[in-house]
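Asks: Residue numbers (this note's numbering), protein chains in the order written: chain A, 104 to 252; chain B, 104 to 252. Don't be surprised by glycine CBs; every beta carbon is placed ideally from N, CA and C.
2 protein chains.
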Amino acid sequence: MTTRNYHRQDCPIAFALSIVGDQWTVLLIRDVLSGVRRFEELQKRLGVSRNLLTRRLKQLVTDGLLIRRQMPGSRRHAYWPTPKCMALRPAILALAEWGQSWRGDAEGSRVEITETHSGKAVGVRFCRLEDGQEVNPEKISVERVARSR
Amino acid sequence: MTTRNYHRQDCPIAFALSIVGDQWTVLLIRDVLSGVRRFEELQKRLGVSRNLLTRRLKQLVTDGLLIRRQMPGSRRHAYWPTPKCMALRPAILALAEWGQSWRGDAEGSRVEITETHSGKAVGVRFCRLEDGQEVNPEKISVERVARSR
DNA sequence: TAACATAAGTTGACTTTTTGAACTAATTAA
DNA sequence: TTAATTAGTTCAAAAAGTCAACTTATGTTA
Chain A
104 MTTRNYHRQD CPIAFALSIV GDQWTVLLIR DVLSGVRRFE ELQKRLGVSR NLLTRRLKQL
164 VTDGLLIRRQ MPGSRRHAYW PTPKCMALRP AILALAEWGQ SWRGDAEGSR VEITETHSGK
224 AVGVRFCRLE DGQEVNPEKI SVERVARSR
Chain B
104 MTTRNYHRQD CPIAFALSIV GDQWTVLLIR DVLSGVRRFE ELQKRLGVSR NLLTRRLKQL
164 VTDGLLIRRQ MPGSRRHAYW PTPKCMALRP AILALAEWGQ SWRGDAEGSR VEITETHSGK
224 AVGVRFCRLE DGQEVNPEKI SVERVARSR
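This is the structure we're talking about:
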């Protein structure tokens, strides 16, 4: 991460990657979003070196994706995801869906997204904003617009 | 990239990152998906070192995200995205949307997704698969299911 | 068609990052 | 109170990335 010249690119993707583009960061956020809160637990699950985990956690706190707070009923502290962090779920889950469909598959665990109250299956898709209706990915156009406003 | 122990994790996100988790790879794919085809052009836009670009391109060809083919009407060759690569669009565009909404904003270029025939605005959202209707992101549950089937 | 320019790499020295293992200071548990 | 756990820090070694120069093949121009 660190000294990337990403930010000079004036691109929202590059901007996002300047924050979560590191090898471990997405995996780290995955675990925090799934309820893992403590340093030791994160280190064990990820297998990342401890000093790097320290650095990444600090940076994510600085970037406003994590908050470092005391655990309730203990003087030990833990890391909690902020709304900015939770807003990454569509991106991370879209990646999970891609991984699922392009992995040899049949083998391996899956990530299932459901509508909480009904239990119905949910996916990350293109939606018309006007009426919230799914749009075929073949029928969309993507354009880079310079400096809107 | 390279010697990641990602694949040992049995997680579709980790699997996806073992292919596109590198600093430059997502940016590289962004450019290929937007129509950039040639080595020199990619190198100039990204500012990545040439030997690393060579390695990444080779790896992406091996992984089936890019195809290296001759340019029509020339003996020079170029890189084309495969369906596997294009299937990354929801993930990449979700990242772009996140970048847009959490950047200081007002400044910087935007990525606009539209329905091709109508020109209506489109976004990457959670959708009920049954009827293709958008679902509020607060109303979803995510679960890791071990070895379906 | 010679001569130059461009494209797509390759090579190797140097710098930056990451790892790994050991060490430290606080909490918590026995 | 002693031991174990947690959340780090430190530093040397290994891995990965950068930068600049070199090569080979293809195009372009005079």
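Check A:R171 in the structure and name its three-state DSSP category.
Replies: Of the three classes helix, strand and coil, the one that applies to A:R171 here is strand, per DSSP.
Asks: Find out if the Cβ-Cβ distance for the pair B:L131, B:R159 is shorter than 8 Å.
Replies: For B:L131 and B:R159, yes; Cβs fall inside 8 Å.
Asks: Does A:Q146 get closer than 8 Å to chain B when you measure Cβ to Cβ?
Replies: Taking Cβ atoms only, chain B never reaches closer than 8 Å to A:Q146, which makes this a no.
Asks: Please report how far the alpha carbon of A:T165 lies from the alpha carbon of A:L120, in whole angstroms.
Replies: Taking the straight line from one Cα to the other gives about 15 Å.
Asks: Evaluate contact between the stretch 187-205 of chain B and the stretch 189-202 of chain A, counting only Cβ atoms and requiring at least three cross-stretch pairs below 8 Å.
Replies: Cβ pair count under 8 Å is three or more, so yes.
Asks: Among residues of its own chain, excluding the 5 on either side of B:R153, which ones have a beta-carbon nearer than 7 Å to its beta-carbon?
Replies: Same-chain partners within the cutoff: Q146.
Asks: Please report the distance separating the alpha-carbon of A:E246 from that of B:R250.
Replies: Straight-line Cα distance between these residues: approximately 39 Å.
Asks: What number of angstroms, rounded off, separates the C-alpha of B:I195 from the C-alpha of A:M174?
Replies: Distance between the alpha carbons of B:I195 and A:M174 is about 34 Å.
Asks: Quick one: which chain B residues come within Cβ less than 7 Å of A:V164?
Replies: Those do not exist, as A:V164 stays about 15 Å from chain B at its closest Cβ, beyond 7 Å.
Asks: With 16 other CB atoms within 10 Å as the buried threshold, where does B:G211 fall?
Replies: Classification for B:G211: buried.
Asks: Look up B:P184 in the DSSP assignment and give the residues it is bridged to.
Replies: B:L169.
Asks: Please decide whether B:A181 counts as near chain A, where near means a Cβ-Cβ distance under 8 Å.
Replies: By this cut-off, B:A181 is not an interface position.
Asks: Spatial neighbours of B:F229 within its chain, please: CB distance less than 6 Å, with the 5 preceding and 5 following residues excluded, ordered by chain position.
Replies: V238, P240, I243, listed in sequence order.
Asks: Roughly how many whole angstroms lie between the Cα atoms of B:C114 and B:S177?
Replies: The straight-line gap from Cα to Cα measures roughly 43 Å.
Asks: Can you list the residues of chain A that B:I195 reaches, using a CB-CB cut of under 7 Å?
Replies: Near B:I195 (Cβ distances below 7 Å), the residues of chain A are I116.
Asks: Which parts of the stretch 116-150 of chain A are runs of the alpha helix (DSSP H), unbroken and 4 residues or longer, counting only runs that do not cross its ends?
Replies: Taking only runs of at least 4 residues, the alpha helix (DSSP H) segments lying wholly in the stretch 116-150 of chain A are 128-136, 142-149.
Asks: Name the chain B residues that come within less than 9 Å of A:V214, Cβ to Cβ?
Replies: Result: C114, P115, I116, V245, E246, R247, V248.
Asks: Identify the residues that DSSP records as bridge partners of A:A190: which are they?
Replies: A:A190 pairs with nothing; no bridge assigned.
Asks: Residues of the stretch 224-240 of chain A in Cβ contact with chain B at a cutoff of 8 Å, in chain order, please.
Replies: From the stretch 224-240 of chain A, only A224, V225, G226, V227, R228, F229, C230, R231, L232, E233, G235, Q236, E237, V238, P240 have a Cβ closer than 8 Å to chain B.
Asks: Give the straight-line distance between the Cα atoms of A:L155 and B:G226, rounded to the nearest whole angstrom.
Replies: Approximately 35 Å, taken between the alpha carbons.
Asks: Name the residue from B:S221, B:L169, B:I122 whose alpha carbon lies nearest to the alpha carbon of B:D134.
Replies: Closest by alpha carbon: B:L169.
Asks: DSSP on A:G202, reduced to helix/strand/coil?
Replies: A:G202: helix per DSSP, three-state reduction.
Asks: Quick check on B:Q173 - is its C-beta less than 8 Å from some C-beta in chain A?
Replies: Not one chain A Cβ lies under 8 Å of B:Q173.
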